[in-house]
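The next block holds one structure in the form of structure tokens; read it before the comments.
Numbering (the numbering used here), first residue to last: 575 to 641.
Structure, rendered in structure tokens:
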């Protein structure tokens, strides 16, 4: 169940980042565009962290089941 929640979080964050990126393409203000790109980068780091912990937990569960 925890894996499913993490997958939902990752997919929602990716959709948010895509929508912000689409919005950033049409922003004329340079400062606002830079802020939106920074937010997208932060979301990318959060997604990478969630995926890393998911992989680590999967490896741990695999090791427990084989031992």
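Idealized CB from N, CA, C, for every residue including glycine.
Own chain residues within Cβ distance below 7 angstroms of residue i, not counting five before or after
i: residue 610; result: 594, 597, 598, 601
Coarse secondary structure for residue i, derived from DSSP in three states
i: residue 602; result: coil
Whether residue i touches residue j by CB criterion (7 angstroms)
i: residue 621; j: residue 587; result: yes
i: residue 591; j: residue 629; result: no
Anticipated Cβ contact below 8 angstroms, residue i with residue j, distance rounded
i: residue 624; j: residue 583; result: 6 angstroms
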